Amino acid sequence: MNDECALTQDDAPSPEPRGCLFALSQPPLMLFLAVIGLLLLLGAVHDLFLL
Numbered sequence: 096m097n098d099e100c101a102l103t104q105d106d107a108p109s110p111e112p113r114g115c116l117f118a119l120s121q122p123p124l125m126l127f128l129a130v131i132g133l134l135l136l137l138g139a140v141h142d143l144f145l146l
């Protein structure tokens with residue numbers, strides 16, 4: 096086995112610490128949540144003012 100190419104624990108890149116809101120900083124998720132929020136808002140306005 097060639098030990099020169101094997102990654103040891105010291106050479107392995109450590110994962111960056113990520114906060115709880117890391118997923119919310121992703122643009123596709125924010126776009127999806129904005130569309131869902133807009134649909135909920137349109138439904139609420141329709142129920143309140145048009146029915």
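Going by our numbering, the sequence shown opens with residue 96, and the numbers climb by one from there.
Cβ atoms here follow ideal geometry from the backbone N, Cα and C, with glycine treated the same way.
All values reported here derive from a predicted model rather than from experimental measurement.
Reduced DSSP secondary structure (H/G/I, E/B, other) of residue i
i: Phe117; result: coil
i: Leu146; result: coil
Nearest-angstrom Cβ-Cβ length linking residue i and residue j, presumed shorter than 8 Å
i: Ala118; j: Leu124; result: 6 Å
Bounding residues of the alpha helix (DSSP H) (the contiguous stretch that carries residue i)
i: Pro57; result: As shown, the chain starts at 96 and ends at 146. That puts residue 57 outside it, with no answer to give.
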